[in-house]
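Some notes on the structure that comes next.
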Amino acid sequence: MSIEALFNHRCSIYHLRSETTSPGFGLPGQTTYSYPKTPDLEHVPCHFNVGASTELAQETPFNTYLYTGKLNLPAGTDVRMNDKIVNEASGLDFTAQEPQDIRGHHVTVAIQRKGSFSKTSV
627 MSIEALFNHR CSIYHLRSET TSPGFGLPGQ TTYSYPKTPD LEHVPCHFNV GASTELAQET
687 PFNTYLYTGK LNLPAGTDVR MNDKIVNEAS GLDFTAQEPQ DIRGHHVTVA IQRKGSFSKT
747 SV
């Protein structure tokens, strides 16, 4: 089986951008971080691994969860730490950790999704 046969999903990748704005008068600037409205890379072949871990913490006023999984991408894909990765099938967005080049064969990235929900919404 070839690696291309593994890539049965599609994702969009948004690179994190930083912008420094200064209020003027010689005051230091403030750096803000954001993602662009349109993806930097669209319809990228990928594979979201099934084996993932989920943590749930009871907090006030909402419960919080942390999903951690892996994403496989073709070799040479421009993915960076803290990029936003959106699964095109489900619409869920994830944050990329440090990408690992696997011998020039493919790229593996740990991805995380954090969120919260109320106890009554389940």
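For any residue, its number in this note's numbering is found by taking its place in the sequence shown, counting from 1, and adding 626. By construction, the Cβ of each residue, glycine as well, lies at the ideal position given by its N, Cα and C atoms.
Integer Cβ distance of residue i from residue j, believed to fall under 8 angstroms
i, j, result
"S644", "T664", "With 8 angstroms as the limit, S644 and T664 do not qualify as a contact, their Cβ atoms being about 18 angstroms apart."
"Y661", "K710", "5 angstroms"
"V676", "R636", "Not a contact, Cβ separation roughly 17 angstroms."
Classification of residue i by the beta-carbon crowding that lies within 10 angstroms, buried from 16 upward
i, result
"F720", "buried"
"L692", "exposed"
"F674", "buried"
Closest residue to residue i among the options (Cα-Cα distance)
i, options, result
"E681", "F633, G702 and N689", "N689"
"G741", "Q684, I629 and N675", "Q684"
Rounded separation between residue i and residue j - CA only
i, j, result
"H641", "D704", "9 angstroms"
"V712", "R729", "25 angstroms"
"H732", "K696", "13 angstroms"
"T686", "F651", "42 angstroms"
"L653", "A701", "44 angstroms"
"C672", "T647", "36 angstroms"
"A736", "F633", "16 angstroms"
"S628", "D727", "17 angstroms"
Contact set for residue i: own chain, Cβ-Cβ below 7 angstroms, skip 5 residues either direction
i, result
"D666", "I639, Y640 and H641"
"S679", "T694"
CB contact check: residue i to chain D, cutoff 8 angstroms
i, result
"N689", "Note that chain D does not occur in the displayed structure, where there is just one protein chain."
Residues of its chain near residue i, where Cβ-Cβ distance is below 8 angstroms and the 5 sequence neighbours each way are ignored
i, result
"M707", "A722, Q723, E724 and P725"
6 angstroms CB neighbourhood of residue i in its chain, flanking five on each side removed
i, result
"E668", "S638"
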